[in-house]
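Here is the structure we will look at.
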Amino acid sequence: MIRGTTYRKSHQAVQRLAPMRLKPRDILSVLVLTIASTATWASDVISQDKKTASKTDTCYVEGVSDRLNCGFVTVPENPNKPDGKQIQVHYVVLPAVKNVNHEEALLAIAGGPGQSAIDNAAGFDAMLSKVRQQRDILLIDQRGTGRSNLLTCDEGAQSPLSFDDDNVDTLVEAQKCLEQLDADVTQYGSLNAIKDFEVVRQHLGYKKLHVYGISYGTRMAQLYMRLYPEHLATVTLDGIVPMQQSVLEIGAAIDRGFDLLFKDCQETAACHTQFPELKTEFDQVAASLAKAPVMENVYDPVSGEKTMLTMTRGKFYGSIRMALYQANVRALVPHAIHQAAKHNFQPILGLYALTLENGGMAMGMHASVVCGEDMHRITPAMREQAKKSFMGKTMLEGLEATCAVWKVPAVADSFSEPISSNIPTLLLSGEIDPATPPSWGELAMEKLSNAKHFIAPYATHGVAYQSCANTLIADLVRSGSVSDLDGECLKKDVRRSFYLNASSVEPLNATSVKTTTTDDNASTEAKE
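Take 1 as the starting number for the sequence shown in UniProt numbering and just add one per residue.
Right, dumping it as structure tokens:
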């Protein structure tokens, strides 16, 4: 149990996350993501016997000024061996601002698979601030993530900038990782984790939960709907992974995200004028890097020191892919591609740097989930389709090698059946989401009889973080009904103007004195 401790984040939160030390092949293997506010346990953690676990103990999370409630439950690693190895599943409760209804809470489930919900506490608190006026917010570190028997590996001290991901033996790396883990990795899938969540609910005494899941967290939310519907009041699925869908089909979704970027630039007057051959330039850079990586001395975008960069095709694709998750970072991509075509990789390096030094993505848990729940769903047709896509092909090859080592048994076929439910359910999709496109939301709707699906035309991944959808969630929790929810406010144009150079959304010869901006309404010349 943790008394008066602090969860400290190591750097500023960003709205996408890449794993661990970020070997570029790992970047390509991450499937669905959410915001991240990376944190570690404070050094003054006080451990106590599990029998003293109590929801009255206190802790703090950086970015949240309030004193929070924290604790853990102890569960068997293998539910079929109740007397075997035990693990702790940690939780944090952000208490409701008003004393409205403490018999209910909203459970916010992080993405990944592999993210820590507690590390996302500040982001969840900001996004769910209106919900928190009336309900507690419950965060649980899913088994294998964060503080709940974390499954992650030490990948050594080699600089990710100089690391050559073209020469990685994924099979060997996966075996090294597995040997580091003190865990039965076959026990860290979604089904066991849902049982843990239910143990936490019972421990805290909540009679009903409202559930918000983002990305992979939407799979967890749907499993909760299937297995424990009597304990759920409402559900919100944001960036939806339907049960019928293998997350490995994200390769096509990523390609769609790239195509939408090129289309958006072409249809935006200033961007098209500045970068008229953007797609051609992208293809040229990718083709050149496919022949050989670029190796040169560059300035480290974090430290400012001279360092060796090995820019591979994987890093190039991965940097752009991650940038598409966040609207304001997406606005930088055309300029970065254009400069790369001119053999200046510093802007791409800047995008890549946004993925460095991230913590919280437990790749061991990630593999346990994907290998048991998704790999067996890959059909010959999907394999053929993946061969046409660099992203799809690379991800599939890497995960096949990892899963050959992880040896997680496949879940039953019934796992992939659509969720049949009349629980009030709000589904949210971003039209330019590079991971979970709106069509996935429509697929999830197949047997939901009391649901509404809203598509935000200008949103990327995580609609509630970048639109009025957070108000819709609060309305759903308050009313317990989707009938009066209106998604009209989602049509507000929240796009960011494309940067036309290193510092401005306007041409360098523009007469305007404004040189830089990140405002939503910035530079009408750059977005017409």
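Note that CB positions come from ideal geometry on N, CA and C, so glycine has one too.
Quick one: grab the DSSP three-state call for C153.
Residue mapping note: residue 153 aligns to position 153 of the sequence shown, counting from 1. Coil.
Ordered along the chain, which non-local residues of its own chain (more than five positions away) have a Cβ less than 7 Å from that of A290?
Within the sequence shown, residue 290 is the residue found at index 290, counting from 1. Setting aside the 5 residues that flank it on each side, A290 is surrounded in the same chain by R313, each with a C-beta closer than 7 Å to its C-beta; the list follows chain order.
Length at least 4, wholly inside the stretch 230-281: the alpha helix (DSSP H) runs in chain order:
Correct list: 250-267, 269-274.
Can you tell me whether R67 is helix, strand or coil according to DSSP?
Here residue 67 refers to the residue found at position 67 of the sequence shown. DSSP, read as helix, strand or coil, puts R67 in strand.
Start-to-end residues for the alpha helix (DSSP H) that takes in Y317:
Numbered from its first residue, the sequence shown carries residue 317 at position 317. Its alpha helix (DSSP H) spans residues 313-323.
Leaving out the 5 sequence neighbours to the left and right, which residues in its chain are closer than 6 Å to R321 when beta-carbon positions are compared?
The count along the sequence shown starts at 1 and reaches residue 321 at position 321. The answer, listed in chain order, is I254.
Under the three-state reduction of DSSP, which class applies to V411: helix, strand or coil?
Position 411 of the sequence shown, counted from the first residue, corresponds to residue 411. In this structure, V411 counts as coil in the three-state DSSP scheme.
Pick helix, strand or coil for residue 529, following the three-state DSSP scheme.
Nothing about residue 529 can be reported from this structure: the residues present for the chain run from 1 to 528 only.
Assuming the contact rule is C-beta atoms closer than 8 Å, G84 and M365 should be a hit. Round their C-beta distance to whole Å, please.
Numbered from 1 along the sequence shown, position 84 holds the residue referred to as residue 84. Numbered from 1 along the sequence shown, position 365 holds the residue referred to as residue 365. Taking C-beta atoms under 8 Å as the contact rule, G84 and M365 fail to qualify, at a distance of about 19 Å.
So M445 is in the beta strand (DSSP E); what residue range does that whole segment cover?
Looking up residue 445 in the sequence shown gives position 445. M445: not part of any beta strand (DSSP E); DSSP gives it neither H nor E.
How is the alpha helix (DSSP H) around E173 delimited, first residue to last?
The residue labelled residue 173 in the question sits at position 173 within the sequence shown. Start and end: 170-180.
Examine the Cβ distances between the stretch 389-406 and the stretch 425-433 and report whether three or more of them are shorter than 8 Å.
Verdict: no, contact absent.
By the 10 Å Cβ neighbour count, where 16 or more other Cβ atoms means buried, how is C271 classified, buried or exposed?
On the sequence shown, residue 271 is found 271 positions in, with the first residue counted as 1. Buried, by the Cβ-count rule.
Under the DSSP definition of a beta bridge, which residues are partnered with F72?
Residue numbering aside, residue 72 sits at position 72 when the sequence shown is read from its first letter. Looking at the DSSP assignment, F72 forms a beta bridge with H90.
Report all residues from its chain with a CB closer than 7 Å to the CB of W440; omit the five preceding and five following residues, and keep chain order.
Position 440 of the sequence shown, counting from 1, holds the residue named residue 440. For W440, where only same-chain residues beyond five positions count, the Cβ hits under 7 Å are I240, V241, P242, Q245.
May I ask which residues mark the beginning and end of the alpha helix (DSSP H) holding S479?
Position 479 of the sequence shown, counted from the start, is the residue given in the question as residue 479. Element bounds for S479: 469-479.
Looking at M375 and G114, is the spacing between their C-beta atoms short of 8 Å?
Position 114 of the sequence shown, counted from the first residue, corresponds to residue 114. Position 375 of the sequence shown, counted from the first residue, corresponds to residue 375. No; because the gap between Cβ atoms is not below 8 Å, this pair is not in contact.
Indicate whether the contact test is met: 3 or more Cβ pairs, each with one atom in the stretch 428-437 and one in the stretch 452-470, closer than 8 Å.
Yes: at least three Cβ pairs fall under 8 Å.
I432 - DSSP class collapsed to helix/strand/coil
One-based indexing of the sequence shown puts residue 432 at position 432. I432: coil per DSSP, three-state reduction.
Considering only residues of the same chain and omitting the five flanking positions on each side of A221, which have a CB-CB separation below 7 Å?
Residue 221 sits at position 221 when you count from the first residue of the sequence shown. Short of 7 Å from the beta carbon of A221, and not among the five residues preceding or following it, lie these beta carbons of its own chain, in chain order: I109, V211, G213, V235, L237.
Report buried or exposed for D165, applying the criterion of at least 16 other Cβ atoms within 10 angstroms of its Cβ.
Residue mapping note: residue 165 aligns to position 165 of the sequence shown, counting from 1. D165 should be labelled buried.
Skipping 5 residues on each side, what residues in its chain have a beta carbon closer than 8 Å to that of S37?
The count along the sequence shown starts at 1 and reaches residue 37 at position 37. Here S37 scores only 34 on pLDDT, less than 50, and its place in the model is too uncertain to base an answer on.
Please go through the stretch 87-138 and give each complete beta strand (DSSP E) segment of 3 or more residues, from N-terminal end onward.
104-109, all fully within the stretch 87-138.
What are the partner residues of S421, as DSSP defines its beta bridges?
Position 421 of the sequence shown, counted from the first residue, corresponds to residue 421. In the DSSP output, where bridge partners are listed per residue, S421 has L448.
Would E373 and F415 qualify as a contact pair, given that the criterion is a beta-carbon distance under 8 Å?
Residue mapping note: residue 373 aligns to position 373 of the sequence shown, counting from 1. Residue mapping note: residue 415 aligns to position 415 of the sequence shown, counting from 1. For the pair E373 and F415, the CB atoms are nearer than the 8 Å cut-off.
Which residues does DSSP pair with N297 in a beta bridge?
Counted from its first residue, the sequence shown places residue 297 at position 297. Answer is M308, bridged to N297.
Sequence-distant residues of its chain with Cβ nearer than 7 Å to I455 (five each side left out):
Indexing the sequence shown from 1 puts residue 455 at position 455. Excluding sequence neighbours, I455 sits near S429, E431, P438.
Identify, in the order they occur along the chain, each residue of the same chain with its Cβ nearer than 7 Å to the Cβ of P457, setting aside the five sequence neighbours on each side.
To locate residue 457, count along the sequence shown from 1; it is residue 457. Same-chain partners within the cutoff: E431, K491.
What number of angstroms, rounded off, separates the C-alpha of F197 from the C-alpha of I140?
In the sequence shown, counting from the first residue as 1, residue 197 sits at position 197. In the sequence shown, counting from the first residue as 1, residue 140 sits at position 140. Each residue's alpha carbon lies about 7 Å from the other.
Where does I214 sit, in a helix, a strand or coil, going by DSSP?
As a working mapping, residue 214 is identified with position 214 in the sequence shown. Strand at I214.
Simplified DSSP state of V61, which is helix, strand or coil
Numbered from 1 along the sequence shown, position 61 holds the residue referred to as residue 61. Looking at V61 - three-state DSSP - the assignment turns out to be strand.
Quick one: what does DSSP say A456 is sitting in, helix, strand or coil?
Working through the sequence shown from its first residue, we reach residue 456 at position 456. Taken through DSSP and simplified to helix, strand or coil, A456 comes out as strand.
Taking the alpha-carbon of S162 as reference, which of A435, S116, A353 has the nearest alpha-carbon?
Locating residue 162 in the sequence shown gives position 162, where the first residue counts as 1. For S162, the closest C-alpha among the options A435, S116, A353 is that of A353.
Assigned secondary structure, L209 (DSSP; H/G/I helix, E/B strand, else coil)
The residue labelled residue 209 in the question sits at position 209 within the sequence shown. Looking at L209 - three-state DSSP - the assignment turns out to be strand.
Could you name the residues that DSSP lists as bridge partners for Q140?
Taking the sequence shown and counting its residues from 1, one reaches residue 140 at position 140. Rather than Gln, the amino acid found at residue 140 in this sequence is Ile. Note: I140 sits in a beta bridge opposite Y91.
Within the same chain, show all residues whose beta-carbon is closer than 6 Å to that of C257, passing over the 5 residues directly before and after it, in chain order.
The residue given as residue 257 occupies position 257 in the sequence shown. What sits at residue 257 in the sequence shown is Gly, not Cys. Taken in chain order, the residues that qualify are L324, P434.
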